[in-house]
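Report on the following structure.
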Amino acid sequence: MAVALRIVTVLAVLAGVGVTAAGADTLPGLLSYFTIQSNLLLGCFAGYAAVLACRGAEAPAAVKGAVTSYMVITGLVYHLVLMNGSGEFSMVDEAAGASPLIQLGNQLTHTLTPILAVADWLLFDRSRARWRHAALWLTYPLAYLAFALVRGLVTGHYPYPFVDVTELGYGGVAVNTLVFGSVFYLIGLAVVAANRAATTLRRGPGPDPAVRGAD
13 MAVALRIVTV
23 LAVLAGVGVT
33 AAGADTLPGL
43 LSYFTIQSNL
53 LLGCFAGYAA
63 VLACRGAEAP
73 AAVKGAVTSY
83 MVITGLVYHL
93 VLMNGSGEFS
103 MVDEAAGASP
113 LIQLGNQLTH
123 TLTPILAVAD
133 WLLFDRSRAR
143 WRHAALWLTY
153 PLAYLAFALV
163 RGLVTGHYPY
173 PFVDVTELGY
183 GGVAVNTLVF
193 GSVFYLIGLA
203 VVAANRAATT
213 LRRGPGPDPA
223 VRGAD
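Just so we're aligned, residue 13 is where the sequence shown starts under the numbering used here, counting upward by one.
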């Protein structure tokens with residue numbers, strides 16, 4: 013079952029990124045989005061995890077949890093922030109005016125693939141994430157922020173309205189970084205908590221020798 017789900021995940025990522033790329037104006041511009049980067053990361057990881065599962069092994073929970081948290085961020089930011097018509101950072105009009113391929117890609121990369129990532133996190137593997145991983149998982153979002161700001165400075169285009177220095181100034185972006193960073197950390201904690209609850213249910217309440225004393 014784990015292998016099958018991961019193959020489906022790889023196919024979903026390929027389909028989502030593929031149809032989005034087919035409808036995009038430029039490929040470099042497409043690759044600047046956190047959504048595309050996180051989906052490509054998920055696709056690579058799912059393929060790797062499928063191979064491990066065939067060999068009776070599993071990926072480290074820290075790595076799998078990182079990928080899962082990024083996909084949760086991708087889904088929640090899209091549905092709760094960008095698709096919130098009354099919100100400050102709404103991109104509803106842009107999404108509605110996009111080509112059919114882009115609209116399909118949006119659903120695949122913001123809805124289906126995050127669901128598949130969470131399902132894999134909850135259903136398979138026995139290794140447990142540690143609470144401190146939630147802070148470590150912020151490394152990539154922060155690196156992405158730096159990338160988006162530098163790229164925006166060069167091109168004049170920022171991929172998301174909450175990092176748009178032209179509209180918000182660096183002070184506004186800094187405030188958004190604190191807010192979103194705090195929420196992302198809470199998401200990481202929730203991902204860890206879900207993993208620990210799920211693994212406990214799968215193997216019973218006994219201690220995990222692999223992580224005993226590691227919290």
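Just so it is clear, CB atoms sit at the ideal spot from N, CA and C, and this is done for glycine as well.
How long is the line joining the alpha carbons of L64 and E179, rounded to whole angstroms?
Computed Cα separation, rounded: 46 angstroms.
So, helix, strand or coil for D137, using DSSP?
Here D137 sits in coil by DSSP.
With distance defined between alpha-carbon atoms, name the residue in R144, G183, V166 nearest to G77.
If we check each option's Cα against that of G77, R144 comes out closest.
Quick check: the Cα distance between V223 and R140, rounded to an integer number of angstroms?
At V223, the pLDDT of 45 sits below 50, so the modelled position is not reliable; the number obtained from the coordinates is stated separately. Distance between the alpha carbons of V223 and R140 is about 7 angstroms.
Please report the distance separating the alpha-carbon of C56 from that of V22.
About 7 angstroms.
Closest to R214 by C-alpha separation, out of R138, A131, T86, would be which residue?
Checking every option, the nearest Cα to that of R214 belongs to R138.
Take R163 and list the residues in its own chain whose beta-carbon comes closer than 7 angstroms to its own, dropping the five residues that flank it on each side.
Taken in chain order, the residues that qualify are S44.
Contact between the segment 25-41 and the segment 104-123 is defined here as three or more beta-carbon pairs at a separation below 8 angstroms; is this criterion met?
At 8 angstroms Cβ cutoff, the stretches touch.
For the candidate residues R18, Y156, T125, F136, whose alpha-carbon lies nearest to that of M83?
The option with the nearest alpha carbon to M83 is T125.
Here's a check: name, in chain order, each residue in its chain whose Cβ is nearer than 7 angstroms to the Cβ of V177, leaving out the five neighbours to either side.
Counting only Cβ-Cβ distances below 7 angstroms, and skipping sequence neighbours, we find L161, G164, Y170, V185.
How many angstroms separate the CA atom of T167 from the CA atom of D105?
In a straight line, the C-alpha of T167 is about 23 angstroms away from that of D105.
Would T86 pass as a contact of T47 if the rule is Cβ separation under 7 angstroms?
Closer than 7 angstroms, so yes.
Using DSSP with H/G/I as helix, E/B as strand and the rest coil, what is E70?
Looking at E70 - three-state DSSP - the assignment turns out to be coil, as it is neither helix nor strand.
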